[in-house]
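Trainee: Would you mind keeping the following structure in view while I ask a few things?
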Amino acid sequence: MVMSYKVQFLSSNWIIIAKGFKLDHVSYRTLINELCKTGETRAALQVLRKIERILVKPNVLMYTTIIDSLCKDKLVIDAYDLYSEMIKKISPDVVTYNTLVHGFCIAGQLKEAIGFIDHTLLKT
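Next comes the structure, spelled out in structure tokens:
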């Protein structure tokens with residue numbers, strides 16, 4: 012039942028986007044969150060790209076949600092690449108930093124985690 016609702020929710024949102032209806036930040040954030048929860052991280056990235064194309068500025072929650080999902084999928088390099096793209100546009104928050112450090116750690120990349128922390132501390 013719950014999975015059916017999620018599929019229906021996601022399908023409805025994709026139809027709304029495809030038909031050109033304007034969604035707000037909350038709608039996009041919810042869609043990205045649900046896509047990531049259901050393992051559709053690449054689709055969430057597509058939504059993020061769509062948001063950027065229609066001149067809606069993605070917020071830190073949208074980026075961090077996708078970064079977290081990439082880390083959980085053990086795609087930490089992709090997560091770091093998205094973070095690098097993000098910092099050119101908006102400022103990350105402490106949750107973003109913690110998410111990446113945790114991602115490096117669960118992927119067994121402790122040197123990268125320490126390097127990221129050192130680099131982040133030097134910037135502040």
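Residue numbering for the sequence shown follows our numbering, beginning at 12 and increasing consecutively.
Beta carbons: idealized from backbone N, C-alpha and C, even for Gly.
(1) Reducing DSSP to helix, strand and coil, say where residue 34 ends up.
(2) Would residue 101 and residue 71 be called neighbours here (beta carbons separated by less than 8 Å)?
(3) Buried or exposed, going by whether 16 or more other CB atoms sit within 10 Å of the CB of residue 80?
(4) Report yes or no: do the segment 84–92 and the segment 62–71 share at least 3 C-beta pairs separated by less than 8 Å?
(5) How many whole angstroms separate the CB atoms of residue 85 and residue 118, which I take to be in contact at a CB cut-off of 8 Å?
(6) Pick helix, strand or coil for residue 114, following the three-state DSSP scheme.
(7) Should residue 50 be labelled buried (16 or more other beta-carbon atoms within 10 Å of its own) or exposed?
(8) Looking only at its own chain, which residues have a Cβ that is under 6 Å from the Cβ of residue 114, when we skip the five neighbours before and after it?
(9) Rounding to the nearest angstrom, what Cα-Cα distance links residue 77 and residue 106 in this structure?
(10) Measuring straight from C-alpha to C-alpha, what distance separates residue 104 and residue 97?
(11) Where do the N-terminal and C-terminal ends of the alpha helix (DSSP H) with residue 150 fall, by residue?
Mentor: On the basis of the data shown:
(1) coil
(2) yes
(3) buried
(4) no
(5) 5 Å
(6) helix
(7) exposed
(8) 82, 87, 90
(9) 12 Å
(10) 11 Å
(11) Nothing about residue 150 can be read from this structure; the chain reaches only from 12 to 135.
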